[in-house]
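Numbering (mature numbering (1 follows the signal peptide of the UniProt record, and there is no 0)), first residue to last: -21 to -1, 1 to 497.
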């Protein structure tokens, strides 16, 4: 058969390295820790458990950790930087980095995995009030669309139940929302932190969830809180008695720590919260969790019992001792990534030859579980000498969808065409791929023409006799004999068998090799 080459590929977008798995976002008030080796050991226990606890089949290390109550320890060293170092050691990587501003105590910070997200900006939203709020802008690694960008506000609002405390807290929430609204409509925002909100009816919460560009939504869609009915979602306090580190007591009865999101993170498209409140995900469990809270510690310490718990005693004890708050975790799906594989095509095809060019379209999002990425909605179109039109939906981690495209071989000469694969999935990477196709259509081969001179004659018999034809067996001889006298174009009639036999008699007489005549 003719020589085969791999078709040249021209992509409208070059494929970058894809982010590693869907996003796991954490918010944690760590009570000015980790400070010493004891704190670091507790932190390792907590974050190892976070990384290995599955939800919806997803178990992975955190990508973004918003931190409250941080402090500087020495020049260039903070509790946040020590946590980043501990995570790098725990997971055997060097990709965890810290974002922190200022010095002293009660700082806001973030630790993020630069292997999965890049920090594009880190700005102070406001400085008035007891503590600042910071807005961090992240881009998942391997994604270029602005629709894949998300903002993480990290806040620690005014504590206290007095009227003055509530009013100041409400003002902070209003300023936060003004900043978020200015980003425009349809922006991906995660509001995280220790908001010190006592109920869903408090003005602070109402300001956060007021209508507007940055309207915040509770992924859990709780109608009211806190109460025993939603005890598993409460985050503070992990303790009932003091252990001497300044943490609050009183048992687990408040939902101070939150992750709230804008509506674009609940539409099930592109970057989106993984849970039943997102469109199209009603069959999933909430990835949002007050980590370690199984609903059996209402108004009690988090390690009040070890019976029937989702975490072992060592983890519950670490949660109790490390901080008076529980970490809040949520997973977010990544956008789809368009991938494809195209079969090789011959350099030449014979006129009239039928050839099916195989194409497989895949969703190459690099995720732990299929629910970790948006589905890839795609369409296939063609032009020129390649034909075929298809549409499909590909899930991540699947084998993809395969199609056969046809090549037009009706006309002799060089032929070309264009294969286009496109996706309208939100923020999909490689959403437009164009592949030029080229091949040559040649005249159909003449059976028995073993020297390729366009005629079947005695010279071809010599090629067969000397063992240089494609088939030097009796079958090859039979092909030559059946087509003796033919030429290209095949307008010359095939001679009568008697003429062939007369020629054979002459050739066989001089040949050192004989052939059986059928």
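For every residue, glycine included, the Cβ atom is placed at its ideal position computed from N, Cα and C.
Residues bridged to residue i (per DSSP)
{"i": "residue 167", "result": "129"}
{"i": "residue 303", "result": "BP columns for residue 303 are empty, so no partner."}
{"i": "residue 134", "result": "172"}
{"i": "residue 215", "result": "233, 304"}
{"i": "residue 363", "result": "396"}
{"i": "residue 3", "result": "310"}
{"i": "residue 337", "result": "383"}
{"i": "residue 116", "result": "100, 130"}
{"i": "residue 416", "result": "396"}
{"i": "residue 8", "result": "47"}
{"i": "residue 239", "result": "170"}
{"i": "residue 277", "result": "231"}
{"i": "residue 504", "result": "The displayed coordinates of the chain run from -21 to 497. Any statement about residue 504 would go beyond what the structure contains."}
{"i": "residue 327", "result": "419"}
{"i": "residue 369", "result": "359"}
{"i": "residue 434", "result": "466"}
{"i": "residue 268", "result": "308"}
{"i": "residue 318", "result": "341"}
{"i": "residue 408", "result": "316"}
{"i": "residue 252", "result": "311"}
{"i": "residue 352", "result": "313"}
Nearest residue (CA-CA) to residue i, options the options
{"i": "residue 191", "options": "446, 162, 415", "result": "162"}
{"i": "residue 152", "options": "172, 186, 139, 26", "result": "186"}
{"i": "residue 344", "options": "69, 120, 131", "result": "120"}
{"i": "residue 207", "options": "263, 395, 289, 277", "result": "277"}
{"i": "residue 397", "options": "196, 179, 418", "result": "418"}
{"i": "residue 1", "options": "140, 62, 251", "result": "251"}
{"i": "residue 329", "options": "376, 457, 389", "result": "389"}
{"i": "residue 302", "options": "341, 230, 315", "result": "230"}
{"i": "residue 85", "options": "202, 12, 73", "result": "12"}
{"i": "residue 227", "options": "218, 199, 88", "result": "218"}
{"i": "residue 358", "options": "402, 61, 10", "result": "402"}
{"i": "residue 280", "options": "266, 88, 134, 304", "result": "304"}
{"i": "residue 9", "options": "135, 409, 168", "result": "135"}
{"i": "residue 224", "options": "268, 300, 154", "result": "300"}
{"i": "residue 237", "options": "92, 107, 455, 184", "result": "184"}
{"i": "residue 87", "options": "129, 114, 68", "result": "114"}
{"i": "residue 173", "options": "164, 182, 148, 189", "result": "148"}
{"i": "residue 433", "options": "424, 169, 253", "result": "424"}
{"i": "residue 96", "options": "210, 118, 260", "result": "118"}
{"i": "residue 287", "options": "458, 393, 275", "result": "275"}
{"i": "residue 138", "options": "106, 176, 209", "result": "176"}
{"i": "residue 180", "options": "422, 112, 201", "result": "201"}
{"i": "residue 436", "options": "168, 349, 465, 375", "result": "465"}
{"i": "residue 262", "options": "247, 271, 212", "result": "247"}
{"i": "residue 126", "options": "408, 214, 253, 306", "result": "408"}
{"i": "residue 145", "options": "178, 156, 116", "result": "178"}
{"i": "residue 123", "options": "463, 420, 461, 405", "result": "405"}
{"i": "residue 542", "options": "340, 387, 171", "result": "The first residue shown for the chain is -21 and the last is 497, placing residue 542 beyond what the model contains."}
{"i": "residue 105", "options": "461, 150, 182", "result": "150"}
{"i": "residue 24", "options": "270, 349, 222, 460", "result": "270"}
Cβ-Cβ separation, residue j to residue i (assumed contact under 8 Å), whole Å
{"i": "residue 373", "j": "residue 354", "result": "7 Å"}
{"i": "residue 319", "j": "residue 4", "result": "Incorrect: roughly 31 Å between the Cβ atoms, too far for contact."}
{"i": "residue 342", "j": "residue 381", "result": "Actually they do not touch by this definition, with Cβ atoms about 14 Å apart."}
{"i": "residue 241", "j": "residue 316", "result": "Not quite, the Cβ-Cβ distance comes to about 23 Å (not below 8 Å), so this is no contact."}
{"i": "residue 36", "j": "residue 89", "result": "Incorrect: roughly 27 Å between the Cβ atoms, too far for contact."}
{"i": "residue 336", "j": "residue 391", "result": "Not really, about 19 Å apart at Cβ, beyond 8 Å."}
{"i": "residue 197", "j": "residue 213", "result": "Incorrect: roughly 14 Å between the Cβ atoms, too far for contact."}
{"i": "residue 297", "j": "residue 21", "result": "4 Å"}
* **4 or more residues per run - each alpha helix (DSSP H) lying fully within the stretch 18 to 55** => none
* Asked: Could you give the uninterrupted runs of the beta strand (DSSP E) lying entirely in the stretch 55 to 102, keeping only those of 3 residues or more?
  -> 75 to 79, 86 to 92
* To do: Could you tell me whether the stretch 1 to 21 touches the stretch 322 to 336, using the rule of 3 or more Cβ pairs below 8 Å?
  => no
* Would you call the stretch 287 to 300 and the stretch 21 to 40 in contact, with 3 or more CB pairs under 8 Å? -> yes
* Please determine if the stretch 48 to 62 and the stretch 72 to 85 are in contact, where contact requires at least 3 C-beta pairs separated by less than 8 Å. => yes
* **Given 8 Å, three or more beta-carbon pairs between the stretch 57 to 66 and the stretch 93 to 112** => no
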